[in-house]
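Before any comments, here is the structure.
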Amino acid sequence: MLLKYGSELAVSGYGIIGYVFSTFSLIFEGIAVGTQPIIGFNYGARCYSRVAGTLKMAFISCLGTGAVGFMLLSIFPEQVIRIFNHDSPELLEITLNGMGIFMFALLAQGTVMLGSVYFQSINRVRSALFIQLGKVFLFFLPLLLILPPLLGLNGVWLATPAAEFLMLMVVLGLLWKEFCFLKNGKPVSEESYCPASEIVLAPND
Numbered sequence: 006m007l008l009k010y011g012s013e014l015a016v017s018g019y020g021i022i023g024y025v026f027s028t029f030s031l032i033f034e035g036i037a038v039g040t041q042p043i044i045g046f047n048y049g050a051r052c053y054s055r056v057a058g059t060l061k062m063a064f065i066s067c068l069g070t071g072a073v074g075f076m077l078l079s080i081f082p083e084q085v086i087r088i089f090n091h092d093s094p095e096l097l098e099i100t101l102n103g104m105g106i107f108m109f110a111l112l113a114q115g116t117v118m119l120g121s122v123y124f125q126s127i128n129r130v131r132s133a134l135f136i137q138l139g140k141v142f143l144f145f146l147p148l149l150l151i152l153p154p155l156l157g158l159n160g161v162w163l164a165t166p167a168a169e170f171l172m173l174m175v176v177l178g179l180l181w182k183e184f185c186f187l188k189n190g191k192p193v194s195e196e197s198y199c200p201a202s203e204i205v206l207a208p209n210d
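In terms of my numbering, the sequence shown opens at residue 6 and continues consecutively.
Below, the structure written as structure tokens:
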């Protein structure tokens, strides 16, 4: 699609954007996967208040990381791109345009990833797979076919953040139901199983 609606420079620009965004993707993954043993153990022990607290903290961390990344790329886009490109003003221009659209994905990507990992942690495999595969097959690929004929190269750039935000709406709905359950569920006695002086991480910790 980049070649069809743009050029080889657009493909190179996408490569640069991919390198930049991989940094934030790894941070999101670290936050999400870091919650897995805490959520899994405490959910199994029915310490739902701890599960909710961990999920809330991870959610805020993902939003904060995405917001910081968005601001950095908004304020210093040229400086970031010049790390990978020193001598091509045409490549700089096309990458700036692509990144200006693509970077909105940062505001949603972390929460979507967190939602998938959360459902893995509580053994809801179908929900986790739906988030991961649905983002690609339900949203991204159709948008990649619909948007470029309407918007040209900008439509190619827009497909990724649009897919992330559409899946974000789904994930927020699923997580809202989970928060309601965690709040209104029937936890075990906190004094017996979840003493305040003890930090529960994993069975072997």
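Don't be surprised by glycine CBs; every beta carbon is placed ideally from N, CA and C.
Rounded straight-line distance, which links the Cα of residue j to that of residue i
i: Leu158; j: Ile99; result: 10 Å
i: Phe144; j: Lys188; result: 31 Å
i: Leu97; j: Val122; result: 36 Å
i: Asn47; j: Leu180; result: 17 Å
i: Cys67; j: Glu34; result: 9 Å
i: Pro153; j: Ala167; result: 13 Å
i: Leu171; j: Thr70; result: 20 Å
i: Asn90; j: Leu31; result: 23 Å
C-beta neighbour in chain B for residue i, strict 7 Å
i: Asn47; result: Going by chain labels, chain B is absent from the structure shown, which holds only one protein chain.
Exposure label - residue i; buried when at least 16 CB within 10 Å
i: Met174; result: exposed
i: Leu60; result: buried
i: Gln114; result: buried
i: Phe135; result: buried
Residue i in three-state terms, based on DSSP
i: Met6; result: coil
i: Ala15; result: helix
i: Gly157; result: coil
i: Ser121; result: helix
i: Cys52; result: coil
Presumed contact (8 Å Cβ cut-off) between residue i and residue j, rounded CB distance
i: Gly45; j: Ser126; result: 4 Å
i: Ala72; j: Ala37; result: About 17 Å; that fails the 8 Å criterion.
Chain-order list of residues whose beta-carbon lies under 6 Å from that of residue i (same chain, five-residue window excluded)
i: Met108; result: Phe75 and Leu78
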